[in-house]
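J.:
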Amino acid sequence: MATSHSKKAAAFLSDPDKVTRHDQTFWGIREKRDIQAAMLPEWEDLREHASEIKEHTLTHLADYLEEFSKNLESNGVIVHWAKDAQEFNEIAYSILENNKVKKLVKSKSMLTEECEMNDYLIEKGIDVVETDLGERILQLMKLKPSHIVVPAAHITRDEVGSMFEKEGISKEIGNHDPTYLTQCARYNLREEFIEAEAGLTGCNFGVAATGDCVVCTNEGNADMCTAIPKLHIVAMGIDKVIPNYDSLAVFQRLLCRCGTGQPTSSFTSHFRKARPDGEMHVILVDNGRSDIIANPLHWKTAKCIRCGACMNTCPVYRRSMGYSYSYFIPGPIGVNLGMLRNPKKHSGNVSACSLCLSCDHVCPTKVAPGSQIYFWRQELEKFGTENKEKKYMSAAMKKLYGNYTVYDIATQYAHFANYIPQKMMDIKQNTWSEGHDMPHFPKKPFHKIYRQMMKEMEKEEKRK
Amino acid sequence: MKVGLFIPCYVDTLYPEVGIATYKLLRELKLDVEYPKRQTCCGQPMANGGFQRMSGDLVEKFDDIFKKYDYIVTPSVSCAAFVQFNHPQLHKHKCSTPEKTMELVQFLHDVLKVKELPGNFEHIVSVHNSCHGVRELRLSSPSEEHIPRYNKIIDLLKLKKGITVKEPERSDECCGFGGMFAIEEPGVSSRMGDDKVKRHIATGAEFITGPDSSCLMHMQGVAHKKKYNIQFMHVAEILAAGI
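Sequence lines, in order, name chains S and V. Each position in the first sequence, counted from 1, maps to that position plus 12 in my numbering. Each position in the second sequence, counted from 1, maps to that position plus 73 in my numbering.
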């Protein structure tokens, strides 16, 4: 019965206090998001508007990509197209190689995670330095992000403090004050910024009408990555293109409010052309995105702007943590994106949903990840990854509920189950008994009582 | 108005008192209510588990049994939501039952527009807003949405004399039942249940009440195992108290 997600979740759940802390951290973000949403009377209209803009853009994507790249090129930006991760990595490396880059500083980009670019470049001899604080911590600890917006939230400040001491980043042993540790990271990273010959950023929105690559950060590290090295590489998925500034305004108002509960990101930078004597490259990556858009059941997933709100609100994510999912993007949207990437490999995440649909209602672009998971469940048989025990149970239920005579007899005798001692119920196969006592079966089911009631009422009528 | 009473499989088997309360309540409201024979399940359990294809026959049977009624009323939000939102895609032909099927609170609040109810219930209750009630049937305003706040369950409960109605912190966070989710993800599910029950208890309530016995069954199972001192009662039983 156990799925890959449920097994890994069990490991995380074995430390209840850690679960409480993780749950409260992300529920806190959800609460901040609610406060922000409540301040905008037009909130629900904004979501609808954002969803419509995405739908429009995705159905006219070729035109917008052409407009975007034309505007980039007219500004002297070099545009590259990568059909998959391999091509993306090769292009990124060739740009670095041509410019004799030894050190690359980069700001947060989930696309580079998706393409596993860091490993690729490091193997080729490039020193790749993450500059987002969370990503930097993870890089030094050799860990992967557990969330797409706050990637290291599962790590405690003491863990960070000890690691910084070991790495020589912090000098005051035992001082795990977050402000102090952040300051230490800043000084440490400053050296890296100065030494780097190239900076790589992601791109939250590519504005077709102007050719702007819009990058939102809270730490200003993307700006450091582009303000010191003269070579700037932008890595972006083709789904990041939006029509114009009007549509940017809609997304910019939603992104941070949904993602972190802030009215806007601390730094919102528009990169349009290279600095004097510099070079700017934009690599537009497909890597399965056109297939998502062409998928009649799941194209909506491509509307996602990666704000992370669905993870923050997901009661399962909050109690199981990012590492319990097999795909590098966790939570409701990650379950969906994993299935679109490789359904056989990531079917074990589809169980990670109680179908509460909270994610559908926080999503700023109405991707409806929860409702989509319902559809993925129906498709598992097609991939041969359905849960066999669940299938037998469903088939048994179909028989039981489909044949009234059997149902009638079964319900009549169900109360005998009450006499089975609890100990016998506490077997491994009965996962219900892990967290629950068994329900008590009454002597008679409703339909028998109803029949009796009707008979008595009839008798009474006759007596009258 | 002819009302067909739909008592879902697990309510029939495990919670007959909820069926009885619903029936009594509808009779008290002078409705021509009938429990048609040979009904079982709406097909939700297998569909939520990923085997919607096994629900087809049950969906057809549901329509056959209930199509003659003006309204089909059931004391279970997730079953009502399944009939309303999923049956239309599963039917091979156009059917009227999805739009005629209503969950009890929905029916009392929106169709009958009940403004008074006899009987007292002098207890403190904490309302469990079941997910499908909130986000599909819209019995209350989903906490995620920026819309005027309302709660039809509370509106109805407050019609009982003597009642004190509370809501837990995180008023519509999932309790972790989710049908087969509870057995496929037992760890997460029971942790969610434990968190939820504790928040209900923290309101000072004597009873946790809700419009769906499956959420209540899950939380009751968790509460018993943990030996928490809290009782459970379906909304229908409270509304029918003293009738």
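All C-beta atoms in this analysis are idealised placements derived from N, C-alpha and C, irrespective of residue type, glycine included.
#1: Can you grab the Cα-Cα spacing for the pair A296 of chain V / K269 of chain V, in whole Å?
#2: Against chain S, with Cβ distances strictly below 8 Å, would Y108 of chain V count as a contact?
#3: Using DSSP with H/G/I as helix, E/B as strand and the rest coil, what is Y144 of chain V?
#4: Against chain V, does F453 of chain S count as a neighbour if the rule is that its beta carbon must be under 8 Å from one of theirs?
#5: Using 8 Å as the limit for Cβ to Cβ distance, is V261 of chain V near chain S?
#6: Rounded to whole angstroms, what is the Cα-Cα separation between P215 of chain V and V141 of chain S?
#7: The beta strand (DSSP E) that contains Q304 of chain V, what's its start and end?
#8: What residues of chain V sit near N399 of chain S, judged by a beta carbon separation below 9 Å?
#9: Using CA atoms only, rank isn't needed, just tell me which of V:T86, V:L78, V:M74 is closest to P457 of chain S.
#10: What does E179 of chain S reach in chain V if we use C-beta pairs closer than 7 Å?
#11: On a CA-only basis, which of S:E472, S:Y462, S:K471, S:E470 is nearest G92 of chain V? Give me that one, please.
#12: Is the CB-CB distance between G414 of chain S and D137 of chain V below 8 Å?
#13: Quick check on the burial criterion: 16 or more other C-beta atoms within 10 angstroms. Buried or exposed for I439 of chain S?
#14: Touching or not, the region 387 to 398 of chain S and the region 165 to 177 of chain V, by the rule of three or more beta carbon pairs under 8 Å?
#15: Just tell me which of S:D46, S:E468, S:D27 has its CA closest to the CA of N324 of chain S.
#16: Measuring straight from C-alpha to C-alpha, what distance separates S287 of chain V and K141 of chain V?
#17: List the DSSP bridge partners of I197 of chain V.
#18: A210 of chain S bridges to which residues according to DSSP?
#19: Specify the secondary structure class of V253 of chain S as computed by DSSP and reduced to three states.
#20: Which parts of the region 33 to 98 of chain S are runs of the alpha helix (DSSP H), unbroken and 4 residues or longer, counting only runs that do not cross its ends?
#21: By DSSP's criteria, K75 of chain V is part of a beta bridge. Which residues make up the other side?
#22: I think V374 of chain S touches C322 of chain S, with their Cβ atoms under 8 Å apart; what is that distance to the nearest whole Å?
#23: Helix, strand or coil: which one does DSSP assign to S383 of chain S?
#24: Just verifying my parser: in three-state terms, what is the DSSP assignment at N361 of chain S?
#25: H297 of chain V versus chain S: which residues are under 7 Å apart at the beta carbon?
#26: Would DSSP call M175 of chain S helix, strand or coil?
#27: May I ask you to verify whether the region 113 to 122 of chain S touches the region 207 to 218 of chain S, counting CB pairs closer than 8 Å and requiring at least 3?
#28: Using the Cα positions of C196 of chain S and L152 of chain S, report the straight-line distance between them to the nearest angstrom.
T.: Inspection of the coordinates gives the following:
#1: Your numbering for residue 296 of chain V matches position 223 in the second sequence. Your numbering for residue 269 of chain V matches position 196 in the second sequence. Between the alpha carbons of A296 of chain V and K269 of chain V lies a distance of about 10 Å.
#2: The residue given as residue 108 of chain V occupies position 35 in the second sequence. At a cut-off of 8 Å between C-beta atoms, Y108 of chain V counts as an interface residue with respect to chain S.
#3: Against the second sequence, residue 144 of chain V aligns to sequence position 71. Shown here, Y144 of chain V sits in a strand according to DSSP, grouped into three states.
#4: On the first sequence, residue 453 of chain S is found 441 positions in, with the first residue counted as 1. Output row for F453 of chain S: interface = yes.
#5: For the purposes of this step, residue 261 of chain V is taken as the residue at position 188 of the second sequence. Answer yes: the Cβ-Cβ gap between V261 of chain V and chain S drops below 8 Å somewhere.
#6: The residue given as residue 215 of chain V occupies position 142 in the second sequence. The residue given as residue 141 of chain S occupies position 129 in the first sequence. Going by C-alpha positions, P215 of chain V is about 43 Å away from V141 of chain S.
#7: Position 231 of the second sequence holds residue 304 of chain V. Residues 304 to 307.
#8: Here residue 399 of chain S corresponds to residue number 387 of the first sequence, with the count starting at 1. Result: G122, G123, M253, E257.
#9: As a first step, residue 457 of chain S must be located in the first sequence, where it is residue number 445. When V:T86, V:L78, V:M74 are compared, the shortest CA-CA separation from P457 of chain S is found for V:T86.
#10: For the purposes of this step, residue 179 of chain S is identified with residue 167 of the first sequence, where counting begins at 1. Within chain V, no C-beta atom comes nearer than 7 Å to that of E179 of chain S; the closest sits roughly 34 Å away.
#11: Locating residue 92 of chain V in the second sequence gives position 19, where the first residue counts as 1. Checking every option, the nearest Cα to that of G92 of chain V belongs to S:Y462.
#12: Translated into positions along the first sequence, residue 414 of chain S becomes position 402. Translated into positions along the second sequence, residue 137 of chain V becomes position 64. No, Cβ-Cβ distance for G414 of chain S and D137 of chain V is not below 8 Å.
#13: Position 427 of the first sequence, counting from 1, holds the residue named residue 439 of chain S. With fewer than 16 Cβ atoms within 10 Å of its Cβ, I439 of chain S is classed as exposed.
#14: No, because fewer than three Cβ pairs between the region 387 to 398 of chain S and the region 165 to 177 of chain V fall closer than 8 Å, the two stretches do not touch.
#15: Translated into positions along the first sequence, residue 324 of chain S becomes position 312. Of the candidates S:D46, S:E468, S:D27, the one whose C-alpha sits nearest the C-alpha of N324 of chain S is S:D46.
#16: Counting from 1 along the second sequence, the entry for residue 287 of chain V is found at position 214. Counting from 1 along the second sequence, the entry for residue 141 of chain V is found at position 68. K141 of chain V has its alpha-carbon roughly 28 Å from the corresponding atom of S287 of chain V.
#17: Here the question's residue 197 of chain V lines up with position 124 in the second sequence. The partner list for I197 of chain V (beta bridge, DSSP) reads V:T237.
#18: Taking the first sequence and counting its residues from 1, the one referred to as residue 210 of chain S is at position 198. Bridge partners of A210 of chain S: S:L116, S:L243.
#19: Here residue 253 of chain S corresponds to residue number 241 of the first sequence, with the count starting at 1. Reduced to three states, the DSSP call for V253 of chain S is strand.
#20: With a minimum length of 4 residues, the unbroken runs of alpha helix (DSSP H) contained wholly in the region 33 to 98 of chain S fall at 55 to 71, 73 to 86.
#21: To locate residue 75 of chain V, count along the second sequence from 1; it is residue 2. The partner list for K75 of chain V (beta bridge, DSSP) reads V:D105.
#22: As a first step, residue 374 of chain S must be located in the first sequence, where it is residue number 362. As a first step, residue 322 of chain S must be located in the first sequence, where it is residue number 310. 6 Å between Cβ atoms; contact.
#23: Within the first sequence, residue 383 of chain S is the residue found at index 371, counting from 1. Helix at S383 of chain S.
#24: Mapped onto the first sequence, residue 361 of chain S falls at position 349. DSSP places N361 of chain S in helix when its eight states are reduced to three.
#25: As a first step, residue 297 of chain V is located in the second sequence; it is residue number 224 there, counting from the start. What H297 of chain V touches in chain S: D449.
#26: Counted from its first residue, the first sequence places residue 175 of chain S at position 163. Of the three classes helix, strand and coil, the one that applies to M175 of chain S here is helix, per DSSP.
#27: Remark: three or more beta-carbon pairs, one from each stretch, lie closer than 8 Å, so the region 113 to 122 of chain S and the region 207 to 218 of chain S are flagged as touching.
#28: Residue mapping note: residue 196 of chain S aligns to position 184 of the first sequence, counting from 1. Residue mapping note: residue 152 of chain S aligns to position 140 of the first sequence, counting from 1. Taking the straight line joining both Cα atoms gives about 14 Å.
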